[in-house]
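To keep things clear, I will list the structure first and then write my remarks on it.
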Amino acid sequence: MADWRSKEAKYYMKVVNRQSIVIVKGEGTRVWDDEGTDYLDFTAGWAVNNIGHSNPAITAAIQTQASQLLQTSNQFFTIPQLELAELLVENSCMDKVFFCNSGAEANEGAIKLIRKWGKINKNGPGQIITAYKSFHGRTMNMVAATAQPKYQEAWAPIPTGFTHVDFDDITQIKNATNENTVAVMLEPVQSEGGVNIPSPDYLSNVRKWCDENNLLLIFDEVSTGLGRLGALFGYELFDVEPDVLTLAKGLGGGVPIGAFLCNQRANVLEPGDHGSTFGGNALTCAASEASTRFIIEQDVPGNSKNVGKYMKDQLENLKLKH
Numbered sequence: 472m473a474d475w476r477s478k479e480a481k482y483y484m485k486v487v488n489r490q491s492i493v494i495v496k497g498e499g500t501r502v503w504d505d506e507g508t509d510y511l512d513f514t515a516g517w518a519v520n521n522i523g524h525s526n527p528a529i530t531a532a533i534q535t536q537a538s539q540l541l542q543t544s545n546q547f548f549t550i551p552q553l554e555l556a557e558l559l560v561e562n563s564c565m566d567k568v569f570f571c572n573s574g575a576e577a578n579e580g581a582i583k584l585i586r587k588w589g590k591i592n593k594n595g596p597g598q599i600i601t602a603y604k605s606f607h608g609r610t611m612n613m614v615a616a617t618a619q620p621k622y623q624e625a626w627a628p629i630p631t632g633f634t635h636v637d638f639d640d641i642t643q644i645k646n647a648t649n650e651n652t653v654a655v656m657l658e659p660v661q662s663e664g665g666v667n668i669p670s671p672d673y674l675s676n677v678r679k680w681c682d683e684n685n686l687l688l689i690f691d692e693v694s695t696g697l698g699r700l701g702a703l704f705g706y707e708l709f710d711v712e713p714d715v716l717t718l719a720k721g722l723g724g725g726v727p728i729g730a731f732l733c734n735q736r737a738n739v740l741e742p743g744d745h746g747s748t749f750g751g752n753a754l755t756c757a758a759s760e761a762s763t764r765f766i767i768e769q770d771v772p773g774n775s776k777n778v779g780k781y782m783k784d785q786l787e788n789l790k791l792k793h
């Protein structure tokens, strides 16, 4: 039997402290290691496997698409890309979408879109307000947007262009807004920073402030999107529509894909402004379309809401007993 742990130590950059388990198979909510032991997977691939491991709908879509076309240049139309685009736009408050390969890429693309919008509509401002305890990715711009020193200190000097405020405090957003501000970027519910849920009127007040000051509102739903909060998108729970929306993780059901979407107001990108060699490739879009359609048609958000309430009630009961 291969000593995979030794191979990792010899060949792979140590950027994560792994558990001493080698996973070789996944099905539904369970995974198996190389010794045949099965585990209940509470990590869900770090918020990726929203409909479980090896979901038959995704597996079938991958098998079918892999036998036809994996990848071609975005110079040409591909059917899976446009089918997924239609599915996401028709089931959200957005009008346009662009596909990439990860959540960080989605947020990077959204920042480019926002800053171009600022040059067109506000004579150049590019400062973006983000929240402490946020997490927007590990590229350099997203390290700067993520207002957590532990993700910034080793990489200085980090890019500028982001102003940080406390989450769930509209007054701080108001005080941070100036003539250079172009947008506010938030997670509807913060995830990596501690599962921080905003006050009921916080996001609606942010939306109102953005409207009054000609700012764009961007929601990073890389972690919260695709049913994890009991709605297809987290913004639905707060009855607040952003101008720009970013997705990844659960979007692919296990394959790497990201997306940023925008409404018509923010739709300013033109040919040559942005691109991605692998973004929107036929294979990942086919898998993502199958996963997203399954989530919608099987009402995975509704199940998430019901099971989430049950789990919370049971944990509250345990807390009372102990």
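At position 122 of the sequence shown (counting the first as 1) the number is 593 in our numbering, and the numbers step up by one without a gap. All C-beta atoms, glycine included, are put in the ideal place defined by N, C-alpha and C.
Query	Result
Rounded straight-line distance, which links the Cα of Phe704 to that of Gly574	15 Å
Straight-line Cα distance separating Val519 from Ser491	21 Å
Val655 to Ile599 span [Cα, whole Å]	6 Å
Status (buried if at least 16 other CB within 10 Å, exposed otherwise) for Leu786	exposed
Inter-stretch contact (C-beta, 8 Å, three-pair minimum) for the stretch 669-685 and the stretch 726-736	no
Contact check, Thr500 vs Gly523, beta carbons under 8 Å	yes
Val487 versus Ala480: straight-line alpha-carbon distance, rounded	12 Å
Helix, strand or coil at Gly497 [DSSP, three-state]	strand
Nearest residue (CA-CA) to Val715, options Val726, Arg699 and Leu740	Leu740
Cβ-based burial, Gly751 [other Cβ within 10 Å; buried from 16]	buried
Under the three-state DSSP convention, the category Thr695 falls into	coil
Alpha-carbon to alpha-carbon, Gly696 and Phe570	15 Å
Within 8 Å, strictly: CB atoms of Gly589 and Gly597	yes
Alpha-carbon spacing of Tyr781 relative to Tyr482, whole angstroms	44 Å
Other residues of its chain near Lys454: CB distance less than 8 Å, five sequence neighbours each side excluded	Within the shown structure, residues of the chain are numbered from 472 to 793, placing residue 454 beyond reach of any answer.
Unbroken stretches of the alpha helix (DSSP H), 4 residues or longer, contained in the stretch 485-560	515-518 and 527-537
Cβ pair Val693, Ala577 closer than 8 Å	yes
Residue interval of the alpha helix (DSSP H) (run including Ile582)	Gly574 to Asn592
Range of the contiguous beta strand (DSSP E) that encloses Met656	Thr652 to Leu657
Runs of beta strand (DSSP E) wholly within the stretch 704-743 (minimum 3 residues, chain order)	715-718 and 729-733
Minimum C-alpha distance to Glu768 - residue among Trp517, Gln735, Gly664 and Asn562	Asn562
Contact check, Ile820 vs Ala757, beta carbons under 8 Å	Since the first residue shown for the chain is 472 and the last is 793, residue 820 is missing from the structure and cannot be characterised.
Spatial neighbours of Ala647 in its chain, beta-carbon cut-off 6 Å, leaving aside the 5 residues before and after	Ile600, Thr634 and Val636
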